[in-house]
Amino acid sequence: MANALDLTGLVPTAAANATVTIKLIAATTVLQRASLNDSDISDSIDATGKIVSFTVPGGRNTVILVLLPPPTGEEMQIVEDCGGGATQLILSFGAGIHASITFDIVAG
Amino acid sequence: MHKPFRFLSTVALFSLYLASPACGQSPQQFDCAKEKDPFFSYCTDINKFLSTVAAHKDAGGKIDRANPDTRAALRTFLFVDSDPTRLTSLLAPLAAVQGAMASLPSSPDNTSPVSLATLAAANQDRPDQQTGASSNTSGTTGLVEKAGTASILAFALESGALTRSVNGNTATLSGNADGLVRALTGQQVLCFDCKGAMGTPVLRNINLSAAFMINQQSTSTVSTSGAANSSTPSSINAVVIPSSVGKLSGVTARYQFWNPYDPHSSKFLAAWQAAAAKAKDQLNKQAQDLQSKLQPLLVNRPLQSDAAFQETLQTFADRFYDDADAGDLPRLKQDFLALFNASVNSRMNNDAQFIQNVASVNLSLAQYKDLWNQLLAEAKGQPLLTFEYAFNRPQNQPETHDFRLILGYTPKNAIGLLSVNAAASIYGSTIPAGAKYGRLHAGQVSVEYDRPLTLKSNPNQATFSVAAYWQYQPDPSVLNITEDNLVPGTTIQLPQNAQVLLGTPGSLWVTQAKITVNGKSGIKIPIGVSWSNKTDLLAASKVGAQVGISYDFSSLSSLFGGPK
């Protein structure tokens, strides 16, 4: 599985209808809910609470992740899971406690 | 023999020093603890950017701006809403003030998200909080005191006595010292990761309250300017006038002792995960609410298609790289603050609903954070012990100093909370010469069990409580005699410290059953019935009823919290 996102610009881009797999890399924080635009995609969160997959329609898409953060700050990364252990970094947070994350994907 | 070796070693070390990309120094970083919001909230992410770019330099020693790691670290603070709740909690004061201004021409709108955001419930279903007066006041609904209090401020109005003969109405204002200081000094309280989010040492364990008898007049004696007509005796040269319609009946200070815990320990994290698993359904429901409030704020924003704003972002991205390349941290901070203000202003100018949506998110965030705090409290465990000191001024009775130990315990295999009190009370003022009573007023032990009632529509709509109270007095109660106590027409001249004994010494038993309705917006309505074998002044048994209402102002944090 290759990467679906092009991260060379400030805003991630993808081909329309591409399937994107997002992974949360954090010691204790887990995904509680996920949505793509106005659609709830929480059912696509895996059992570990770290990975969610979705298909991006053409146009500007907004991913919203609601997190359950632990009581202590920790470093956190949002990456695209490209399969086979390969990832590419989308957002990289320093030590902190975060309850939500959002980013856009422009598909076309 | 050693000189050539020493020379070569020095040259080699110096060469390695020069060859190092950062000249052997760690990358420059901000001291985040010294920063203020809004920069403070983004500081660790900006430090992460600085350490990332320091590790990705090109052959010329400049930042490799095409490196995916540097771009990822940049996006995290270039898009100030990368953590949207971080942005909304920073804008909480703005949203609250604008909401208040908007509602000025009319009565408060209870359906407005802004109004609701300032009135949201934060701790409405917690049975472990003491918001009302203590059991020995004339207006109270609580026979046993709880170990916890409101995180900022709570107000309670109660009617009906439990151990007293005189029924009255008491208004009680209580709060946590740390929460009050943070709210009044404008420190963020909605955020998860702000300074002292876990509380200020010592202050976080101190709770204060004051109770006022609101149906009792305070009076003061004043000199007259002379008789107003000829029928007034000339001997009347001073009268008693009311100075206020309420009277301070007691003040309380309490300190909570907690089991020491390390939030980094595996034991604590296991307790945290167990608490989260136990509250899975509640968490999911609250997270879903937060998600639904974030969508209108973030999806289909006019700003997303604004080419000028996208250009502005690119300009700031270049400036951040330039600042980092130059190692100019003050300019980087200045540029970030300019970006933050530009981003907020652009959102406000491009989206008429922006402030409304921020308020909606904050309302939901306050509830989500309250649930998060409950998980934290559960992982931390109950307070090991609470010590309380209370100064009481009961009506027409000597002042007392009460010392109380309060223990809260959650049984492992049962739902609910067990609270146990043990107290000693001593008379405060000077014991008159020849008094037939001693310094010790009473000793007391009481216990209460609170069980949340689970309903399908609302899992924490009410709490049922049963309580028992035992007090032992070595002497009968003491009543201060004033002219008000004398039968009309009596002409006895009373000395200043005239007192009589009333009631009986020995045991005073009280039992109480109570239901507390947890309303919306932090309102609680306790309704109780009680039976006692006697009261403090009368020997006869008494069946009584108590009712009250309390409001937890913790959710007003959205009005106070935010950047300094």
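First to last, the protein sequences are chains A and B. For the first sequence, this note's numbering gives the first residue as 1, with consecutive numbering after it. For the second sequence, this note's numbering gives the first residue as 109, with consecutive numbering after it. A virtual CB, placed ideally from N, CA and C, is assigned to each residue, including glycine. Here the structure is a predicted model, which is why all the values come from computation and not from measurement.
Cutoff 6 Å; reference residue i; Cβ partners in own chain excluding five residues on either side
i, result
"F572 of chain B", "R559, L561, I623"
"T196 of chain B", "V466, V469, N470"
"V528 of chain B", "L515, V555"
"S615 of chain B", "Y580"
"G58 of chain A", "A16, A107, G108"
Minimum C-alpha distance to residue i - residue among the options
i, options, result
"G49 of chain A", "A:L31, A:D38, A:G58, A:I22", "A:L31"
"I314 of chain B", "B:T494, B:T248, B:D177, B:Q475", "B:T494"
"R272 of chain B", "B:I657, B:D660, B:S638, B:G656", "B:S638"
"D426 of chain B", "B:L182, B:A141, B:K386, B:L411", "B:L182"
"I25 of chain A", "A:Q88, A:G108, A:F103, A:A107", "A:Q88"
"Q418 of chain B", "B:A262, B:N345, B:S451, B:N277", "B:S451"
"L316 of chain B", "B:G283, B:L288, B:R290", "B:G283"
"N244 of chain B", "B:I633, B:G546, B:D510", "B:D510"
"Y63 of chain B", "B:L440, B:L288, B:A255, B:I322", "Since the first and last residues shown for chain B are 109 and 672, residue 63 of chain B lies out of range."
"R501 of chain B", "B:A378, B:K632, B:N588", "B:N588"
"A434 of chain B", "B:F365, B:K165, B:C140", "B:K165"
"L402 of chain B", "B:N345, B:Y476, B:W617, B:S149", "B:Y476"
"N605 of chain B", "B:T538, B:A621, B:K632, B:S615", "B:T538"
"L311 of chain B", "B:P341, B:A647, B:Y363", "B:Y363"
"V574 of chain B", "B:G636, B:T612, B:D583", "B:G636"
"P70 of chain A", "B:N504, B:A385, B:P341, B:A174", "B:A385"
"N345 of chain B", "B:A653, B:G652, B:S333", "B:S333"
"W480 of chain B", "A:I105, A:R60, A:T29", "A:T29"
One or two residues paired with residue i in a DSSP bridge
i, result
"R33 of chain A", "A:V66"
"Y557 of chain B", "B:L526, B:V574"
"G636 of chain B", "B:K622, B:Q654"
"F103 of chain A", "A:V63"
"T280 of chain B", "B:A264, B:A319"
"L24 of chain A", "A:I78"
"F678 of chain B", "Nothing can be reported for residue 678 of chain B: it is not among the residues displayed for chain B, which extend from 109 to 672."
"T19 of chain A", "A:T55"
"I314 of chain B", "B:Y363"
C-alpha distance - residue i paired with residue j, whole-angstrom precision
i, j, result
"I41 of chain A", "A383 of chain B", "25 Å"
"P129 of chain B", "G169 of chain B", "In this predicted model, P129 of chain B has a pLDDT of only 42, less than 50, meaning its place in the structure is not dependable enough to derive any value."
"L406 of chain B", "N453 of chain B", "15 Å"
"G536 of chain B", "T508 of chain B", "5 Å"
"T219 of chain B", "A570 of chain B", "In this prediction, T219 of chain B has a pLDDT of 41, which is less than 50 and means its spatial position is unreliable; what the coordinates show is noted afterwards. Computed Cα separation, rounded: 24 Å."
"L91 of chain A", "S190 of chain B", "8 Å"
"A162 of chain B", "A262 of chain B", "50 Å"
"K388 of chain B", "Q77 of chain A", "24 Å"
"T423 of chain B", "G9 of chain A", "13 Å"
"I523 of chain B", "S658 of chain B", "24 Å"
"G656 of chain B", "A269 of chain B", "11 Å"
"G84 of chain A", "A14 of chain A", "20 Å"
"T249 of chain B", "P634 of chain B", "7 Å"
"D286 of chain B", "D6 of chain A", "47 Å"
"T55 of chain A", "A395 of chain B", "22 Å"
"F187 of chain B", "V359 of chain B", "49 Å"
"S472 of chain B", "S649 of chain B", "49 Å"
"E143 of chain B", "P309 of chain B", "20 Å"
"Q390 of chain B", "A415 of chain B", "41 Å"
"V63 of chain A", "D660 of chain B", "35 Å"
"N392 of chain B", "S100 of chain A", "14 Å"
"R194 of chain B", "S149 of chain B", "7 Å"
"G652 of chain B", "L646 of chain B", "14 Å"
"I154 of chain B", "F300 of chain B", "18 Å"
"T329 of chain B", "S339 of chain B", "22 Å"
Close beta carbons around residue i, own chain, < 8 Å, minus the five adjacent residues each side
i, result
"G94 of chain A", "E75"
"G73 of chain A", "A95, G96, I97"
"T102 of chain A", "T62, V63, I64, L65"
"D431 of chain B", "L437, R439, L440, D443"
"L609 of chain B", "K544, Y545, D583, P584, S585, V586, L587"
"V252 of chain B", "S243, S527, V528, N529, S554, V555, E556, A575, Y577"
"N275 of chain B", "S246, G247, S267, G268, A269, G652"
Residues near residue i in its chain [Cβ-Cβ closer than 7 Å; skip 5 each side]
i, result
"A576 of chain B", "S554, V555, T619"
"T420 of chain B", "A450"
"A77 of chain B", "An answer regarding residue 77 of chain B cannot be provided, because it is not within the stretch 109 to 672 covered by chain B."
"R409 of chain B", "D459"
Which runs of the beta strand (DSSP E) fall wholly inside the segment 35-65 of chain A and span at least 3 residues, in chain order?
-> 51-56
Contiguous beta strand (DSSP E) assignments of at least 3 residues, all confined to the segment 454-501 of chain B | 493-500
Taking only runs of the alpha helix (DSSP H) that begin and end inside the segment 405-459 of chain B, which ones reach a length of at least 4 residues, in chain order?
-> 415-434, 437-458
Inside the segment 151-207 of chain B only - alpha helix (DSSP H) runs reaching at least 4 residues | 176-186, 192-198
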